[in-house]
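Just so you know, we're using the working numbering here: the sequence shown kicks off at 1 and counts up by one. Where is the CB? At the ideal position from N, CA and C, for every residue including glycine. Since we're looking at a predicted model, the values are computed, not measured. Reading through the C-alpha cells given below for one structure.
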Amino acid sequence: MAARARALLAAASTVLVLAACGGGSNGGSDSPQPSPPPAGGQNPCAIALESDTEPALGAPAPAPLPKPTGIDGNPRGRVLDALWLNRQRRATPTAVLAPPAAGADAVDIGEVAVLEDVGDLIAPPNPYDLRGAGLRFARNSAGGYDVSRIDGTFRSTLGTRLTLSDDDSSAVAVPFAFPFFGAAQQAAFVNSDGNITFEEEDRASTERNVARLLTGPPRVAPFLADLDPSAGGRVFLQATADQYTVTWCAVRGFDLPQTITVQVTLLAGGTIEMKFGDAAGLTDAVIGVSPGRTGDFTPVDLSASGPTPGGGAALGERFAQRAQLDTVEVARRFYRDHPDNYDQLIIWTDAAIIRDAFAYETTVANEIRGIGLDVFDAAADFGSAGRLRSFAVMDWIGKYPDDPRQRFLGENNTVSVLGQEVGHRWLAFLEFRDHTGRRSDALLGRGEAHWSFFFDSDASVMEGNDIEDLGGGAFRTVAAVERYSRLDQYAMGLLPESAVPPFFYVQDPTNVSPARDGDDAPRIGVTFNGTRRDVLIQDVVAIHGPRIPSSADAPRVHRQAFVFVVGAGRTASGSDVAKIDRIRREWEGFFLQATDGRMRALTSLR
C-alpha cells in the first residue's frame with residue numbers, strides 16, 4: 001500500500017495543471033425534492049441527539065488513541081496543497097498576487113535571502129462561511145460538476161445510526177448505481193472524518209488535506225477534517241432507492257470540544273447536495289468532490305451563488321482559520337532575483353506559520369528511480385526552469401535554540417532537524433523483500449516517510465535508532481539522529497549497492513520500556529524483545545529496482561539557498577538573520593560529516 005500511495009501521488013504531480021472551467025448542461029436527471037423540515041424548523045440532528053434512541057450499527061467504539069506526532073507530519077502530498085492554496089488565492093479577486101512593486105525584491109544579507117511579505121507571501125485565513133448554507137453539485141458536460149448555492153434545510157429523516165470510532169469507516173453500499181465522474185459507484189464507505197469514499201475505505205490518520213482529497217479514492221467530502229464520533233455526536237445513514245443521505249450530527253473534532261453538523265445526499269441521477277448546520281465550532285476543512293487519484297483540480301468559492309463551473313476536475317474549497325505560507329509565491333519571488341542554480345530552498349520565517357508539524361519538506365520534482373518515488377516534475381509551477389527539486393519550510397526561527405548543536409525536541413538538535421527535512425528529498429521510502437519473499441514496509445515508521453523506531457538505522461537523522469543486539473532476542477537503543485546511514489547514502493546516490501552492509505529490524509517487539517511503537521520518534525535507552533530480521537540491499541533492489549542514476553553518476557554537491565520570509569509591515573531582525581546564518585554555517589559542516597564526507601552542502605547565494 002505504501003508504494004501504491006506514493007505512485008499515485010507522484011503520478012498526480014505530473015499533471016498539476018489548473019483544470020479548465022467548463023460549463024454545460026446538467027448530465028443527470030435528478031429532480032430532488034427536499035423533505036419537509038421538522039416541526040418548528042428545528043434541525044433534525046438536535047431532535048436525534050436529544051432522544052438518542054436510534055439503534056446503532058457496529059460494535060461500541062473504543063477510546064481514541066493518540067495521533068502520531070513528530071517533526072514534519074506527512075511530507076508527501078504537500079506540493080498539491082501548495083498549488084491548491086496558490087490557485088485558490090488567484091481565484092480570489094482581492095488577492096495580492098501581482099508582481100511586487102520595486103523595492104519589494106529580495107535583499108541578500110550575507111548568504112541569506114530576505115523576502116518581505118507585501119501581501120503575496122503569507123496567505124490570510126480563509127474563514128469558514130457556509131453556516132446554514134446548502135450546496136448542489138450538478139453534473140456537467142465535461143464529466144465533472146458545477147456547484148450552486150441552495151436552501152440549507154436538512155432532510156428530516158436521518159435513518160440508522162452508524163457506530164464509528166476515530167479514524168474509522170463503515171461499508172454501506174449505495175442502493176443504486178450512482179454516476180460519479182463517469183463511473184457508476186455502489187461500493188461506498190462512510191468515513192468518520194466527514195466524507196464518503198467509493199471503491200475503498202479511508203481509515204488513515206494522516207493529514208486531512210487537499211492531497212488526500214485528490215490522490216485518495218473517489219470522494220465526496222462535505223467536511224473533510226479530523227473528526228472523532230466516539231468522543232461526541234452521532235453519524236446517521238438513510239439509504240433508499242433514489243437517495244443516499246449521511247449526516248454527521250454535532251460530531252467533535254479529535255481531542256477538541258468543537259463540533260460540526262453537516263449532511264450530504266447522493267441522488268440517483270448523479271446530483272450531490274450538501275447542507276451545513278448553523279453552528280460550526282470547527283472551521284478548518286476541505287469541502288468538495290474528487291474523482292480520486294488525480295492532480296487536476298479547480299479551487300472555487302463555495303459561498304458564491306453560482307452556478308460555478310468545475311469542468312471535469314476535482315473541485316472544492318479549503319478553509320483555514322490561520323494564515324498560511326504560500327510557498328509557490330515565496331519560490332517565485334526568490335527566483336525574480338536569483339538564478340535557477342539551487343537544488344533546494346531552505347525557508348525560515350519570523351513568526352510561527354506551521355500548525356500541523358514542526359517543520360516539513362516538499363519534493364517538487366524527482367528524476368531518480370529506485371528510491372521509492374515515482375518520476376515527476378512540478379518545478380515550473382514554483383518558478384524554476386528545471387533545477388529545483390525540493391524545499392524545506394523550517395518555520396519560525398525563534399523556536400530554535402541559539403546553539404545549532406543544542407539538544408531539543410527529543411533527541412534532536414537544529415542541524416539534525418534540518419538534516420531530516422533535507423533528507424526527505426531522497427528518504428525514507430524504501431520497502432523490501434522480506435524473509436517470506438513478500439513485499440514489506442517494516443522499515444518504515446511515521447507517515448511511511450521515516451524509519452521505524454524498531455529499525456536499526458545506525459542513528460539516522462531520518463529516525464529509527466542505533467539498536468544494540470544484546471543477544472537472546474533482547475535489544476536496546478543506544479544512539480539517534482547523528483548521521484545518514486549507509487542505506488540512506490545509497491538512496492542519496494553516494495554509495496553503490498556493494499558498499500551497503502546488511503541491516504536489521506526487530507519484528508513483533510514486546511516488553512518495550514518505556515513504551516514505544518514503530519511511528520514514534522527516536523529515543524535512547526529503550527529496551528525491548530523481539531525477533532531480529534536481517535535485510536540485504538538486494539532485497540530493496542528486488543522491490544524498487546536499481547538506483548538510477550547510480551552512485552557513479554549522482555552529484556556530490558547539494559546546492560541550497562537559505563531564505564528568510566519576514567511578515568508584512570516588519571523588517572528583518574539583524575539577530576534573526578545572524579542566527580540563520582549561524583545555522584547555515586554549522587549545517588555545512590554537519591552535512592559533510594553526516595554523509596561521511598561523500599557529499600557537500602553548498603549554501604552560498606551567488
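Distance check between S416 and each of A48, E463, M274 and V330 places E463 closest, using alpha-carbon atoms only. In this chain, the alpha helix (DSSP H) harbouring D581 covers G574 to A594. With the rule of 3 Cβ pairs closer than 8 Å, the region 140-150 does not count as touching the region 196-211. If you look at I397, you'll find it isn't in any alpha helix (DSSP H); DSSP assigns it neither H nor E. The region 187-199 makes contact with the region 163-172, as at least three CB pairs between them are under 8 Å. Between the region 573-580 and the region 460-480, the count of Cβ pairs shorter than 8 Å is below three; the stretches do not touch. The beta carbon of L121 sits closer than 8 Å to the beta carbons of L115, L325, D326, E329, V330, R333 and V565 from its chain, once the five residues preceding and following it are set aside; these are given in chain order. Residue I347 holds the alpha-carbon nearest to the alpha-carbon of S390 among T510, L409 and I347.
Under the three-state reduction of DSSP output, T603 falls in the coil class, being neither helix nor strand. Between the region 482-500 and the region 513-522, the count of Cβ pairs shorter than 8 Å is below three; the stretches do not touch. C-alpha of N529 to C-alpha of P514: approximately 12 Å in a straight line. With 16 or more other CB atoms across the displayed protein chains lying within 10 angstroms of its CB, N366 is buried. Nearest C-alpha to M394 among Q186, M599, D596 and Q420: Q420. Residue environment: R407 is assigned as exposed (fewer than 16 neighbouring CB atoms within 10 Å of its CB, all protein chains considered). Closest option to F591, judged by alpha-carbon separation, among R483, D508 and A552: R483. G464 carries a strand assignment under DSSP once its states are collapsed to helix, strand and coil. Assignment of I543 by DSSP, reduced to helix, strand and coil, places it in the helix class. Membership of V220 in the beta strand (DSSP E) is indicated by the continuous run R219 to L224.
Here H435 is exposed. Its C-beta has fewer than 16 other C-beta atoms within 10 Å. Inside the region 205-272, DSSP marks whole beta strand (DSSP E) runs of 3 or more residues at positions 219-224, 234-239, 243-252 and 259-267, from first to last along the chain.
Between H558 and D343 a beta carbon distance of about 6 Å is seen, short of the 8 Å cut, so the two are scored as contacting. The straight-line gap separating the alpha-carbon atoms of P125 and D278 is approximately 20 Å. Of the residues assessed, G472 falls on the exposed side of the cut-off, its CB having fewer than 16 other CB atoms within 10 angstroms.
Taking the Cα of F180 as reference, the smallest distance to any Cα among R212, P218, D441 and L158 is reached at P218. If you draw a 10 Å sphere on the C-beta of V461, you find 16 or more other C-beta atoms in it, and that means buried. Around the C-beta of G253, 16 or more other C-beta atoms lie within 10 Å, and the residue is accordingly described as buried.
One thing to note: R155 has its Cβ no nearer than 8 Å to the Cβ of T298. Judged by DSSP in its simplified three-state form, S485 adopts coil rather than helix or strand. Within the region 388-455, complete alpha helix (DSSP H) segments of at least 4 residues are found at 414-423, given in chain order. F358 carries a coil assignment under DSSP once its states are collapsed to helix, strand and coil. Of the candidates P309, A285, R486 and G316, G316 places its Cα closest to the Cα of L302. Counting along the chain, the unbroken alpha helix (DSSP H) around Q88 starts and ends at R78 to R90. Excluding residues up to 5 positions away in sequence, V565, V566, G567 and A568 lie with their Cβ nearer than 8 Å to the Cβ of D117 in the same chain.
Looking at the DSSP output, N191 bridges to S169 and N195. Just measuring C-alpha positions, the residue of R425, D337 and F319 sitting nearest D284 is F319.
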